[in-house]
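Peer 1: Below are the structure tokens for one structure; questions will follow.
Protein chains: 2
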Amino acid sequence: MATKITRRKTSRFRGIAAEERQAQRRSMLIDAGLEVFGTVGFHAATVRAICTHANLTERYFYESFENREALFAAVYEHLVSHLRDALVAALLPAPRDVGTMARAGLTTLFGAMRDDPRYMRILFVDVFTVSDEVDRLSRRATGGFAQLVQTLVETMYPQDRRAGLDPRLVAHGLVGAAMNTVMYWAYGGYKEPLETVVHNCAVLFEALGAYFPQAAPTKTKSRSGKA
Amino acid sequence: MATKITRRKTSRFRGIAAEERQAQRRSMLIDAGLEVFGTVGFHAATVRAICTHANLTERYFYESFENREALFAAVYEHLVSHLRDALVAALLPAPRDVGTMARAGLTTLFGAMRDDPRYMRILFVDVFTVSDEVDRLSRRATGGFAQLVQTLVETMYPQDRRAGLDPRLVAHGLVGAAMNTVMYWAYGGYKEPLETVVHNCAVLFEALGAYFPQAAPTKTKSRSGKA
DNA sequence: CGATATTGACATGCGTCATTGTCAAACGTA
DNA sequence: TACGTTTGACAATGACGCATGTCAATATCG
Chain B
-19 MATKITRRKT SRFRGIAAEE RQAQRRSMLI DAGLEVFGTV GFHAATVRAI CTHANLTERY
41 FYESFENREA LFAAVYEHLV SHLRDALVAA LLPAPRDVGT MARAGLTTLF GAMRDDPRYM
101 RILFVDVFTV SDEVDRLSRR ATGGFAQLVQ TLVETMYPQD RRAGLDPRLV AHGLVGAAMN
161 TVMYWAYGGY KEPLETVVHN CAVLFEALGA YFPQAAPTKT KSRSGKA
Chain G
-19 MATKITRRKT SRFRGIAAEE RQAQRRSMLI DAGLEVFGTV GFHAATVRAI CTHANLTERY
41 FYESFENREA LFAAVYEHLV SHLRDALVAA LLPAPRDVGT MARAGLTTLF GAMRDDPRYM
101 RILFVDVFTV SDEVDRLSRR ATGGFAQLVQ TLVETMYPQD RRAGLDPRLV AHGLVGAAMN
161 TVMYWAYGGY KEPLETVVHN CAVLFEALGA YFPQAAPTKT KSRSGKA
């Protein structure tokens, strides 16, 4: 063959480096994935539809992602980290009070769901049906949120006040309450004001904080036999 | 062609009437649907696999069901009505006390989930991703359970004690708590005893019963500012 | 300008699965 | 026994979608 090999450093196209162009395409695909997965659901989402939304051809899909499942995982992680950041930002400056913190967190989460209903479909519905691997991903994520709630409860209330309760179970219960509340809200078309929904969910957190059935509160109080 | 037409009434095969045979096949398909949908999930379940499990050929599938989705709907309704019956049976004889009734109901539901984990996959996971029609089905079903909880709460506590709360929202929150609790339990391999899980979930019901932030309880009690 | 890199539109191969159809064997009844 | 019914095994068809490949048009840079 030809002995002379012309090796050219291209690396720039429309003024943008190759690496950055690729990163942009990946980002566009994640946006498109959010749109398509979040509206028609994972199983009805075709690679073609995603690429059409991203204004890219299928070749570029496989440049950034192994397959449809991999894109879903990326979208999912994207949303989770976004929510986690927002949650932390909302909780850090809040007063160290269970009710107030619950309201701050729930306001952030519920607000995000109302602002972008596509989140819900991805975070709470499809994620469990994509694959075992994505399922594990979601366990870690919701476990992380439950961990947050658990830490909050454990910090707020000393050991002796929550005797007989398993903080992990309670935390997952509270997380489930929030999830189903927001889903009900969404299905009804977000009729109720955000504050109302937050309030009705936060009450569960507050009520638990005020009520520990087997507790030995600071003030002597007869433990009425059965709960 | 032949003028004589031999019309024979068969109607019996292996001693069973045609109608009953068909009903049996339908029932076997529902059982197989529970097995396959409940293990690999709806989207990975093929008609062939279902028929294999039912010991029937594909022809008989379409004799009883329009398509895979129709079978799923039938399986779903089957499970829901089963659970509803069990729940009513558990609640009717129970004392009219929120904590006790919650425990009775949760014990029934959680026990059913542990006895047959396939239920969970169908009732709480796949049902939202099958189709819009099945989705509506599920809204009605969970709405029914929430209605039950709501009625319970409204009966137990008079209007003035739940001022500021929307019973529908609270009920959906509690239902979500139960759902996520049992899912966490299942994912962990049902390590904790049933009573423990029930207790940690029932506490949410009880706590709410004992705590109405804007309530004006019968006994005068200083409303200590924050929870 | 000319060579190469990059892109976009589209085609192709491949496998899977739903759904219908074929056919012979087993069965029940006259 | 003889005939129509019921059943089970399996083939045929057609649609769909993933994943890869082709090719011309456009952009970049020496």
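Taken in sequence, the protein lines are chains B and G.
For the first sequence, our numbering gives the first residue as -19, with consecutive numbering after it.
For the second sequence, our numbering gives the first residue as -19, with consecutive numbering after it.
Glycine is no exception: its CB is placed at the ideal position from the N, C-alpha and C atoms.
No experiment lies behind these values; they were computed from the predicted model shown.
Taking a Cβ distance cut-off of 9 Å, strictly less, list which residues of the segment 170 to 190 of chain G are near chain B, in chain order.
Peer 2: Answer set for the segment 170 to 190 of chain G: 172, 176, 177, 179, 180, 181, 182, 183, 184, 186, 187, 188, 189 and 190.
Peer 1: With a threshold of 16 other CB atoms inside 10 Å of the CB of residue 47 of chain G, please say whether the residue is buried or exposed.
Peer 2: Flag for residue 47 of chain G reads exposed.
Peer 1: Do you know whose CA, among B:168, B:191, B:101 and B:126, lies nearest residue 20 of chain B's CA?
Peer 2: Ranking B:168, B:191, B:101 and B:126 by Cα distance to residue 20 of chain B puts B:101 first.
Peer 1: Mapping DSSP to helix, strand and coil, what is residue -3 of chain B?
Peer 2: Note: residue -3 of chain B maps to strand in three-state DSSP.
Peer 1: Please give me, in chain order, every unbroken run of the alpha helix (DSSP H) with length at least 4 that falls completely inside the segment 23 to 101 of chain B.
Peer 2: The qualifying runs are 27 to 34, 38 to 44, 48 to 71 and 78 to 95.
Peer 1: Do you know offhand how far residue 49 of chain B's Cα is from residue 111 of chain B's?
Peer 2: Taking the straight line joining both Cα atoms gives about 8 Å.
Peer 1: Let me know if residue 120 of chain G comes out buried or exposed under the rule of 16 or more other beta-carbons within 10 Å of its beta-carbon.
Peer 2: Burial call: exposed.
Peer 1: Residue 111 of chain B lies in the alpha helix (DSSP H); which residues open and close that run?
Peer 2: Run containing residue 111 of chain B: none; DSSP gives neither H nor E here.
Peer 1: Using the C-alpha atoms, what's the distance from residue 12 of chain G back to residue 85 of chain G?
Peer 2: Roughly 28 Å separates the two Cα atoms.
Peer 1: Counting only beta-carbon separations shorter than 9 Å, does residue 128 of chain B have a partner in chain G?
Peer 2: No - not a single Cβ of chain G is within 9 Å of the one on residue 128 of chain B.
Peer 1: Looking at residue 52 of chain B and residue 107 of chain B, is the spacing between their C-beta atoms short of 9 Å?
Peer 2: In contact: residue 107 of chain B and residue 52 of chain B (Cβ atoms closer than 9 Å).
Peer 1: Step through the CB atoms of chain G and report whether any lies within less than 9 Å of the CB of residue 65 of chain B.
Peer 2: No, its Cβ sits nowhere closer than 9 Å to a Cβ of chain G.
Peer 1: By a C-beta neighbour count over all protein chains shown, 10 Å radius and 16 as the cutoff for buried, is residue 74 of chain B buried or exposed?
Peer 2: Label assigned to residue 74 of chain B: exposed.
Peer 1: Just reading off the alpha helix (DSSP H) that residue 186 of chain B is part of, what are its end residues?
Peer 2: It spans 174 to 190 - the alpha helix (DSSP H) in which residue 186 of chain B sits, taken as one unbroken run.
Peer 1: Out of G:160, G:185, G:165 and G:145, which one is the CA nearest neighbour of residue 175 of chain B?
Peer 2: Checking every option, the nearest Cα to that of residue 175 of chain B belongs to G:145.
Peer 1: With distance defined between alpha-carbon atoms, name the residue in B:170, B:31 and B:90 nearest to residue 155 of chain B.
Peer 2: Measuring from the Cα of residue 155 of chain B, the nearest candidate turns out to be B:90.
Peer 1: Look up residue -8 of chain G in the DSSP assignment and give the residues it is bridged to.
Peer 2: Answer is G:-3, bridged to residue -8 of chain G.
Peer 1: Please classify residue 3 of chain G: does DSSP put it in a helix, a strand, or coil?
Peer 2: Helix, per DSSP.
Peer 1: Quick check on the DSSP output: the alpha helix (DSSP H) that includes residue 150 of chain B runs from which residue to which?
Peer 2: Start and end: 147 to 167.
Peer 1: Can you list, in chain order, the residues of its chain whose CB lies under 7 Å from that of residue 97 of chain G, leaving out five sequence neighbours each side?
Peer 2: Here the set comprises 166.
Peer 1: Buried or exposed: residue 82 of chain B, going by 16 or more other Cβ atoms within 10 Å of its Cβ?
Peer 2: Buried, since its Cβ has 16 or more Cβ neighbours within 10 Å.
Peer 1: Can you find a CB in chain G that lies within less than 9 Å of the CB of residue 108 of chain B?
Peer 2: It does: the Cβ of residue 108 of chain B has a partner Cβ on chain G nearer than 9 Å.
Peer 1: Residue 134 of chain B to residue 127 of chain B, Cα distance in whole Å?
Peer 2: Going from the Cα of residue 134 of chain B to the Cα of residue 127 of chain B covers about 10 Å.
Peer 1: Would you check if the distance between the CB atom of residue 38 of chain B and the CB atom of residue 28 of chain B is smaller than 9 Å?
Peer 2: Closer than 9 Å, so yes.
Peer 1: DSSP state of residue 123 of chain B, grouped into three classes?
Peer 2: Residue 123 of chain B falls in the helix class under three-state DSSP.
Peer 1: Using DSSP with H/G/I as helix, E/B as strand and the rest coil, what is residue 21 of chain G?
Peer 2: Coil.
Peer 1: Using a Cβ cut-off of 8 Å, pull out every chain G residue sitting near residue 119 of chain B, in sequence order please.
Peer 2: What residue 119 of chain B touches in chain G: 167.
Peer 1: Within its chain, find whatever has a CB closer than 6 Å to the CB of residue 34 of chain B; leave out the 5 residues flanking it on each side and keep chain order.
Peer 2: Closer than 6 Å at Cβ, skipping near neighbours: 8, 9 and 12.
Peer 1: Closer than 7 Å by beta-carbon distance: list the chain B residues that pair up with residue 159 of chain G, in chain order.
Peer 2: Ordered by position in chain B, the residues that pass the 7 Å Cβ test against residue 159 of chain G are 156 and 160.
Peer 1: If you compare alpha carbons, which of B:94, B:59, B:4 and B:31 is closest to residue 208 of chain B?
Peer 2: Coverage of chain B is limited to positions -19 through 207, which leaves residue 208 of chain B absent and any answer about it impossible.
Peer 1: Using alpha carbons as the reference points, say which of B:6, B:159 and B:137 lies closest to residue 78 of chain B.
Peer 2: Nearest option by C-alpha distance: B:137.
Peer 1: Identify whether residue 13 of chain G lies in helix, strand or coil by the three-state DSSP scheme.
Peer 2: Three-state DSSP puts residue 13 of chain G in a helix.
Peer 1: Quick check on this structure: which residue in G:99, G:163, G:113 and G:109 has the alpha carbon closest to the alpha carbon of residue 122 of chain B?
Peer 2: For the residues G:99, G:163, G:113 and G:109, the minimum Cα distance to residue 122 of chain B belongs to G:163.
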